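Participant: The structure that follows is given in the form of structure tokens.
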Amino acid sequence: MISQAEDALQRLESNKRASNGHAVKENRALTEQTQTAPRNKNREANQAAVELLIESYPNTFSLDEPKPLKIGIQDDLVSDEKVSRGKIKRALATYVRNPRYLSSMVAGVQRVDLTGADAGEVTADDEKHAKAKLDEYKARRKERINQQRKEQRNNERDERISNKLEALVAKTNRR
Numbered sequence: 203m204i205s206q207a208e209d210a211l212q213r214l215e216s217n218k219r220a221s222n223g224h225a226v227k228e229n230r231a232l233t234e235q236t237q238t239a240p241r242n243k244n245r246e247a248n249q250a251a252v253e254l255l256i257e258s259y260p261n262t263f264s265l266d267e268p269k270p271l272k273i274g275i276q277d278d279l280v281s282d283e284k285v286s287r288g289k290i291k292r293a294l295a296t297y298v299r300n301p302r303y304l305s306s307m308v309a310g311v312q313r314v315d316l317t318g319a320d321a322g323e324v325t326a327d328d329e330k331h332a333k334a335k336l337d338e339y340k341a342r343r344k345e346r347i348n349q350q351r352k353e354q355r356n357n358e359r360d361e362r363i364s365n366k367l368e369a370l371v372a373k374t375n376r377r
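According to the working numbering, the sequence shown is numbered sequentially starting from 203.
Below you can see the structure in the form of structure tokens.
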């Protein structure tokens, strides 16, 4: 009986590794850790650059209530020389990809310049483009959440199986 339980445990472990199980998960976790560190560093730098723009131009930039920006505002920011070109590029890229900003892109809404004054209108094409980007963002987010749930279910299942096998081995060892 003990040998049967041990054989079952070995088969389970080998099946888990063979079918993209534990070994692949370990490699994936290691890869994600090495990729996540620079990604988090970049994310922090991007957020810091956005905060710098918000502090420097409070009438133009807001994370709570973003307004569509004037076309060519990057050139205005560079010529204003309050913020370096690299930080401007990083901050604008992060700011305009924000779902709230994309949602603010509605045809007919006024764009703003560095002082917060009106500087043109959002066109129907601009709105269409922003909606497409927002839909892409939502799809990626949904996929990421589904993947996380799937991994969590798999981990919970593996944990239950391991616990049952350990209990079975312990039970048979007592006999």
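For glycine and all other residues, C-beta sits at the position ideal for the given N, C-alpha and C. This structure is a prediction, so every number in the text was calculated from the model and none was measured.
In chain order, which continuous runs of the alpha helix (DSSP H) of length 4 or greater are located wholly inside the region 276-343?
Facilitator: 287-298, 301-306
Participant: Rounded to whole angstroms, what's the CA-CA distance from Gln-249 to Ala-372? Just pull it up for me.
Facilitator: The count along the sequence shown starts at 1 and reaches residue 249 at position 47. The count along the sequence shown starts at 1 and reaches residue 372 at position 170. In a straight line, the C-alpha of Gln-249 is about 52 Å away from that of Ala-372.
Participant: Check whether the Cβ atoms of Val-311 and Val-324 sit closer than 8 Å, and answer yes or no.
Facilitator: For the purposes of this step, residue 311 is taken as the residue at position 109 of the sequence shown. For the purposes of this step, residue 324 is taken as the residue at position 122 of the sequence shown. The answer is yes: Cβ separation under 8 Å.
Participant: Considering only the beta carbon of each residue, do Asp-315 and Ala-321 sit closer than 8 Å?
Facilitator: Mapped onto the sequence shown, residue 315 falls at position 113. Mapped onto the sequence shown, residue 321 falls at position 119. Yes.
Participant: Alpha carbon to alpha carbon, what distance is there between Ser-258 and Val-285?
Facilitator: By 1-based counting over the sequence shown, the position of residue 285 is 83. By 1-based counting over the sequence shown, the position of residue 258 is 56. For Val-285 and Ser-258, the distance between alpha carbons rounds to 8 Å.
Participant: Please list, in chain order, all residues of the same chain as Arg-292 whose beta carbon is under 8 Å from its beta carbon, the five residues on each side excluded.
Facilitator: Looking up residue 292 in the sequence shown gives position 90. The answer, listed in chain order, is Ala-247, Asn-248, Ala-251.
Participant: Going by CA-CA distance only, name the one from Ala-369, Leu-279, Gln-212 that's closest to Ile-256.
Facilitator: Along the sequence shown, one-based indexing puts residue 256 at 54. If we check each option's Cα against that of Ile-256, Leu-279 comes out closest.
Participant: Below 8 Å on the Cβ atoms is my contact criterion, and I expect Lys-269 with Ser-305 to pass it. Report the Cβ-Cβ distance as a whole number of Å.
Facilitator: Position 67 of the sequence shown, counted from the first residue, corresponds to residue 269. Position 103 of the sequence shown, counted from the first residue, corresponds to residue 305. Rounded, the Cβ-Cβ distance is 11 Å, inconsistent with contact.
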